[in-house]
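Residue numbers (this note's numbering): 20 to 280. Glycine included, each C-beta is placed from N, C-alpha and C at the ideal position.
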Amino acid sequence: MSKVLIDPGHGGIDDGATGFGIKEKDRNLVMAKAIARELRLQGVQAVLTREDDKSILLADRIALEHKEKPDCFISCHMDAAAETASGMTIWVHSKADNVIWNWAQDVMKELKAVGFTTNRAQSVSRGYPGSPSSDYYVNRETVSPSMLIEFGFITNQNNLNEHIEHCTEYAKAVAKAVCRFVGVEYKEIIPQLDGCVDRVEYDRVCALKDKFQSGLDEQQKRAEKAEAALKQAAALAVQTNSCLNQANSLMAQILRLTKEE
Ligand SMILES: [Zn+2]
Numbered sequence: 020m021s022k023v024l025i026d027p028g029h030g031g032i033d034d035g036a037t038g039f040g041i042k043e044k045d046r047n048l049v050m051a052k053a054i055a056r057e058l059r060l061q062g063v064q065a066v067l068t069r070e071d072d073k074s075i076l077l078a079d080r081i082a083l084e085h086k087e088k089p090d091c092f093i094s095c096h097m098d099a100a101a102e103t104a105s106g107m108t109i110w111v112h113s114k115a116d117n118v119i120w121n122w123a124q125d126v127m128k129e130l131k132a133v134g135f136t137t138n139r140a141q142s143v144s145r146g147y148p149g150s151p152s153s154d155y156y157v158n159r160e161t162v163s164p165s166m167l168i169e170f171g172f173i174t175n176q177n178n179l180n181e182h183i184e185h186c187t188e189y190a191k192a193v194a195k196a197v198c199r200f201v202g203v204e205y206k207e208i209i210p211q212l213d214g215c216v217d218r219v220e221y222d223r224v225c226a227l228k229d230k231f232q233s234g235l236d237e238q239q240k241r242a243e244k245a246e247a248a249l250k251q252a253a254a255l256a257v258q259t260n261s262c263l264n265q266a267n268s269l270m271a272q273i274l275r276l277t278k279e280e
């Protein structure tokens, strides 16, 4: 069985970039999970470097890659710059061979076919921004063929909307190219999941889930904080109560003493 390791960039204390109140780490996780879901539908094993909002070192992401030995590795990110900057980029190793280069071109071709608001060439690049001979850590240290995808700019309203509204379509696009790469025939599968009767309905359910996932995570965190605050308040109430009881018994003693005098 083919295996793909998907890496949602950042997480935990590392928010990544932020745009319009949305954190990159949350969007990366939603996108990574969507890609994993699409690959699993095709019978490809998909492993994630993180399943939730937790901090994870780059070195640990690579350690997992060394352990899992996947057929390929994809790191999901979003760019940040001035509000006018827009478009996707795929980064591969500075010395990536033709096999990896062509795979990245194929992924970009599928992503472009979905249609993304852009004001610059959506491209595949070698190396690191402004430094073609340097590399992103995840491209430099991985053993398997790897790429880092910047799914548009989180600082651009249109790009962010695309990411939120069309996550499933972009995930499908990546899955199609990955399937070709690992030699699995891509099929339009109708999943018998969530009571959906066809692929269109399933995509709609997935899109809604993806859209609200980051919001849900935020709410969950807030609820946990509220619960902790309530527990503290309850503990304080118990303390206050025992203080009151003490004060009452002291008062009673004083009254007794004054009467005795
Ligand atoms: Zn990032």
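Does the region 127-142 touch the region 84-97, meaning 3 or more C-beta pairs lie closer than 8 Å? no
Tell me whether L274 sits in a helix, a strand or coil according to DSSP, three-state version. helix
Ordered along the chain, which non-local residues of its own chain (more than five positions away) have a Cβ less than 8 Å from that of Y205? Q61, A194, K195, C198, R199
Assuming D45 is part of the alpha helix (DSSP H), what are its boundary residues? Element bounds for D45: 43-60.
Once DSSP output is grouped into helix, strand and coil, what is the label at F64? A small correction: the amino acid at residue 64 is Gln; Phe does not occupy that position in the sequence shown. If DSSP states are grouped into helix, strand and coil, Q64 belongs with the strands.
If you draw a straight line from the C-alpha of V203 to the C-alpha of A248, how long is it? 51 Å
Please tell me whether, using a cut-off of 7 Å, the distance from the CB of A104 to the nearest non-hydrogen atom of ligand 1 is below it. Answer for A104: no, Cβ out of range of ligand 1.
Output the boundary residues of the beta strand (DSSP E) element that contains M97. First-last of the beta strand (DSSP E) with M97: 91-98.
Residue environment, P89, which counts as buried when at least 16 other CB atoms sit within 10 Å: buried
Tell me, to the nearest whole angstrom, how far the beta carbon of F172 is from that of A104; I am working on the premise that it is less than 8 Å. Confirmed, Cβ separation roughly 5 Å.
In three-state terms, what does DSSP make of M127? helix
Can D26 and T68 be called in contact, C-beta distance under 8 Å? yes
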